[in-house]
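Written out below as structure tokens is the structure these notes cover.
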Amino acid sequence: MLLADKLSKYRVILASNSPRRQELIKDLNIPFIIKTKEIEELYPEHLKGAEISDFLATLKAVPFEKELLENDLLITSDTIVWHQNKALGKPKDYQDAFEMLQSFSNTTHQVITSICISIGVSDVSKTSTKQLKKIIFNDTTTVTFKKLTHDEVDYYINTYKPFDKAGAYGIQEWIGKIAITKIEGSYFNVMGFPVHKLYQELMNINE
1 MLLADKLSKY RVILASNSPR RQELIKDLNI PFIIKTKEIE ELYPEHLKGA
51 EISDFLATLK AVPFEKELLE NDLLITSDTI VWHQNKALGK PKDYQDAFEM
101 LQSFSNTTHQ VITSICISIG VSDVSKTSTK QLKKIIFNDT TTVTFKKLTH
151 DEVDYYINTY KPFDKAGAYG IQEWIGKIAI TKIEGSYFNV MGFPVHKLYQ
201 ELMNINE
């Protein structure tokens with residue numbers, strides 16, 4: 001059975017404005033709609049690594065919970081870069097992006113993406129108790145950069161403006177082609193979705 005058949009009874013909702021995530025889920029050949037809601041992406045300071053992205057991916061589902069109906073399948077996600085025992089999200093400005101990229105120079109970091117799948121198992125709009133099934137998982141990719149020059153970092157930021165990307169870079173862009181010397185794990189995880197894991201989790205629904 002193909003994934004589209006498996007999910008035929010569900011309304012799949014992708015809660016992301018990311019063109020990369022939209023492209024990756026589109027490649028799974030399943031119908032989906034896009035809905036987004038703004039949230040403040042704050043997390044407890046004691047969390048580390050995948051705990052942070054798990055927390056944020058789950059948090060992003062909260063504004064949708066009251067409106068999810070039976071057989072609605074909501075996908076929320078979060079990507080962080082974990083480097084030198086610190087979580088890096090999207091850069092605030094040029095200087096922030098520059099400092100992030102310079103910190104990757106000649107070092108290795110981890111890109112962690114967490115996904116939360118929320119499924120309406122009853123018509124929650126008509127009940128006082130929320131009845132949602134949640135599936136939370138994550139994937140980690142280890143990325144090694146060559147030594148970066150000031151000019152390379154400056155050119156990349158000014159040309160590609162990576163302010164919507166965790167860690168201030170897109171692996172599929174110029175910087176990924178000229179700077180990444182080694183990758184361990186899923187390439188697409190660095191783009192924003194561990195597609196292989198998402199596919200498997202969706203295939204396992206109802207089993």
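FYI, the numbering for the sequence shown is 1 to 207, going by full-length UniProt numbering.
All C-beta atoms in this analysis are idealised placements derived from N, C-alpha and C, irrespective of residue type, glycine included.
R11 and K146 have their C-alpha atoms some 43 Å from each other. Linking L68 to D96 through their CA atoms gives a straight-line distance of about 37 Å. According to the DSSP secondary-structure assignment, G120 is paired through a beta bridge with L132. DSSP places D93 in the coil class of the three-state scheme, outside both helix and strand. In this structure A4 is exposed. Its beta-carbon is surrounded by fewer than 16 other beta-carbon atoms within 10 angstroms. The DSSP assignment places 19-26 and 50-59 as complete runs of the alpha helix (DSSP H) inside the segment 7-80, in order along the chain (cut-off: 4 residues).
For H196, same chain residues with a beta-carbon under 7 Å away, outside a window of 5 residues either side, are S186 in chain order. Here I52 is near I80, since their CB atoms are less than 8 Å apart. Within the same chain, and ignoring the five residues on either side of I175 in sequence, the residues whose Cβ sits closer than 6 Å to its Cβ are Y156 and Y169.
Taking a cut-off of 8 Å for Cβ pairs, the segment 91-107 and the segment 18-38 do not touch, as fewer than three such pairs fall below it. By the Cβ-count criterion, M100 is buried, with 16 or more other Cβ atoms from all chains shown falling within 10 Å of its own Cβ.
For Q110, the beta-bridge partners assigned by DSSP are W82 and T142. The beta carbon of E173 is closer than 7 Å to those of Y160 in its chain, skipping five residues each way along the sequence.
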